[in-house]
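Participant: Below you will find the structure I want to go over with you.
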Amino acid sequence: MFRELENRRPAACLTDLALDSFLSGEQSATAAATIRAHLDRCALCSQRKREFLAQREQFLASAPAQASGFVAPRRSRVVYSAWAVGALAAASLLFMLRAPAGKQFVREKGSAELGFYLKRGEQVQRGRSAQPVLPGDLVRFVYSSSRTRYLAVLSLDAARHASVYFPEAPLASRVTAGTDVALPSSVLLDQTLGREQVVALFCDAPVPLAPLRLLFEQSGSLSSVPEGCETYTLVLHKEAPTP
Amino acid sequence: MRIPPRPLSELYRLHAASVFRRARRLLGNEAEAHEVVQDLFVSLLERPEQFAGRSTMSTFLYGATTHLCLNRLRNERNRARLMRGRTEPAEEAPHTSADDVLALRAALASLPTQLAEVAVYYFVDELSHQEIATLLGCSRRHVGNLVLRVQQWGQAQEEDACSAS
């Protein structure tokens, strides 16, 4: 069984490990120059290099779509709708006029925060943390940040299912500084009743989200986040609609 | 313990596809390969100190991926799957037949741990003795001995199979 597996690659060719290491920029200058020289004259290895790079690109592009636990199926669904712009502006003004004194959200640290607007039927209102919400409500998150950061919004519902609400990509997405900037999609709340934590991660780098989602689901909190990230948590209480 | 943001995001961007490629090749199952990627990066997030910087990150990840895959190949569910001869199509070396790959996975599930690691590095990854020595933290000569033991083990299995039939 093992005999058949020997000597499949020409001895002079680069091993996968050497190629992976080269493509990750880990080789010393001398070793990298040797590998480059080999790639210049070896069509086989040159082709493998192109394949590895293409696989990397394809993997990073497709990873969030995998249903194998990489990103859990969304309980509440991210939807794209046009209700935001005008409605948010009006509701925002209303909120500013009506906002009660006191802390609305739980901010861990830093100068970035997450808010949301709630659309129920035709009504749009500014949301607040711990606000009762209903299945079928549309939630549009908005962020405020004093500088450009990488943002992700994750949620953990009462059934301990974690979801990545934003972005629909494997890494946190770059967002520019602004106040109450609406994210491009809304979340259609599902039927899972109870307390849902929504955590916004504002990071200095595009952190990978799959490990964080899993950590959130397993530990019930995002207490361990990459350095350079700050979290901002708000809570939704999903209640059953009254008959 | 926290991991600096650049290493974690960079690691994922640079290495996740390679981890996935090797895991899929070893396990013959795309869904499980994704789980290996996930397990590995979660573990790096939680325990960044496990990469001590004594080797390159690629070398470290080759070792970690191999361990995770061998553990999976040895669990009962996968052993049963291998015995039934059912794996999903996966990217294989062009000169390797499906039967060889299946037999190899079954062998990896049965070999003693260190021999299984060597079999992965030598027969699946086709690494050099020097690279395997770095991965295992031993001499090239010892790697040569281990490869020989793997070959002898495979030969004995074939002889057993012949005498049983």
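Residue numbers (our numbering), protein chains in the order written: chain S, 988 to 1230; chain Z, 32 to 196.
Glycine is no exception: its CB is placed at the ideal position from the N, C-alpha and C atoms.
1. Which residues of chain S have a Cβ atom closer than 9 Å to the Cβ of S40(Z), listed in chain order?
2. So with Cβ pairs under 7 Å, would you call D156(Z) a contact of chain S?
3. On the DSSP bridge list, what partners appear for K1036(S)?
4. Compare the C-beta of V151(Z) against all C-beta atoms of chain S and say whether one is closer than 7 Å.
5. Given that S49(Z) touches chain S, what residues does it touch there, using C-beta distances under 7 Å?
6. Taking CB distances under 7 Å as the criterion, tell me whether A124(Z) reaches chain S.
7. Please name the residue in L1202(S), G1114(S), L1196(S), P1119(S) whose C-alpha comes closest to that of D1167(S).
8. Between Q69(Z) and chain S, is any beta-carbon pair separated by less than 7 Å?
9. Kindly list, in the order they appear in chain S, the residues whose Cβ is closer than 9 Å to that of L58(Z).
10. List, in order along the chain, the chain S residues whose C-beta lies closer than 7 Å to that of L45(Z)?
11. Should F82(Z) be flagged as near chain S, meaning a C-beta pair shorter than 7 Å?
12. Pick helix, strand or coil for E1220(S), following the three-state DSSP scheme.
13. Hey, is the stretch 99–106 of chain Z in contact with the stretch 131–142 of chain Z, meaning 3+ C-beta pairs nearer than 8 Å?
14. According to the neighbour-count rule (16 or more other Cβ atoms, all chains shown, within 10 Å of its Cβ), is L956(S) buried or exposed?
15. Counting beta carbon pairs with one atom in the stretch 178–191 of chain Z and one in the stretch 148–158 of chain Z, are three or more of them shorter than 8 Å?
16. Cβ of L58(Z) within 7 Å of Cβ of A64(Z)?
17. Going by beta carbon distance, what residues of the same chain come within less than 8 Å of S1133(S), once the five residues before and after it are set aside?
18. Quick one: which chain S residues come within Cβ less than 7 Å of R52(Z)?
19. Would you check if there are 3 or more beta carbon pairs closer than 8 Å linking the stretch 1101–1112 of chain S to the stretch 1204–1217 of chain S?
20. Excluding sequence positions up to five away, which residues of its chain have a Cβ less than 7 Å from the Cβ of A1019(S)?
21. Taking L1141(S) and V1151(S) to be in contact with their CB atoms under 8 Å, please state how far apart those CB atoms are, rounded to whole angstroms.
22. Does T144(Z) pass the burial test, meaning 16 or more other C-beta atoms within 10 Å, or should it be called exposed?
23. How far does the alpha helix (DSSP H) with D70(Z) in it reach, from first residue to last?
24. Return the residue from the list P1198(S), V1129(S), K1225(S), P1195(S) that minimises the CA-CA distance to D1144(S).
25. Who are the near neighbours of M88(Z) in its chain, counting only those whose CB is closer than 7 Å to its CB and skipping five residues on each side?
26. Kindly indicate if chain S contains any beta-carbon less than 7 Å away from that of S89(Z).
27. For Q1042(S), which residues of its own chain have a beta-carbon under 6 Å away from its beta-carbon, when the five flanking residues on both sides are left out?
28. For the alpha helix (DSSP H) that contains Q1110(S), what are its first and last residues?
29. Is R78(Z) near the ligand MG, judged by its Cβ being under 6 Å from some heavy atom?
30. Between D1003(S) and chain Z, is the shortest Cβ-Cβ distance under 7 Å, so that the two count as touching?
31. Against chain Z, with Cβ distances strictly below 7 Å, would F1103(S) count as a contact?
32. Rounded to a whole number of angstroms, what is the C-alpha to C-alpha distance between C1029(S) and C1000(S)?
33. Apart from the five residues just before and just after R996(S), which ones in its own chain have a Cβ nearer than 7 Å to its Cβ?
34. With a cut-off of 8 Å on the beta carbons, I'd call T255(Z) and A147(Z) a contact; round off their distance for me.
35. List the residues of chain Z whose Cβ lies closer than 7 Å to the Cβ of L1209(S), in chain order.
Facilitator: For this structure:
1. Y1137, L1158, A1159, C1190, A1192, P1193, V1194, P1195, P1213
2. Cβ-Cβ to chain S under 7 Å: yes for D156(Z).
3. In DSSP, K1036(S) forms no bridge with anything.
4. no
5. Ordered by position in chain S, the residues that pass the 7 Å Cβ test against S49(Z) are D1007.
6. A caution first: A124(Z) carries a pLDDT of 49, below 50, which makes its placement in the model too unreliable to give a value.
7. G1114(S)
8. yes
9. None at all; the shortest Cβ gap to chain S is about 12 Å.
10. Those within 7 Å of L45(Z) in chain S are S1011.
11. no
12. The question names Glu, but residue 1220(S) in the sequence shown is Thr. Three-state DSSP puts T1220(S) in a strand.
13. yes
14. Any answer about residue 956(S) is impossible in this case: the structure gives chain S only from 988 up to 1230.
15. yes
16. yes
17. S1098, A1099, A1164
18. Q1042
19. Three or more Cβ pairs closer than 8 Å define a contact, and the stretch 1101–1112 of chain S falls short of that threshold against the stretch 1204–1217 of chain S.
20. F1009
21. 5 Å
22. Classification of T144(Z): exposed, given that the 10 Å Cβ count is below 16.
23. 61–77
24. K1225(S)
25. L42, H46, F82
26. yes
27. none
28. Note, Q1110(S): premise wrong, no alpha helix (DSSP H); beta strand (DSSP E) at 1110–1113.
29. The ligand MG is not among the ligands present in this structure, which contains no ligands whatsoever.
30. At a cut-off of 7 Å between beta carbons, D1003(S) contacts chain Z.
31. Under the 7 Å criterion on CB atoms, F1103(S) is classed as non-interfacial with respect to chain Z.
32. 8 Å
33. none
34. With chain Z covering only 32 through 196, there is no way to say anything about residue 255(Z).
35. Those within 7 Å of L1209(S) in chain Z number zero; the least Cβ separation is about 11 Å.
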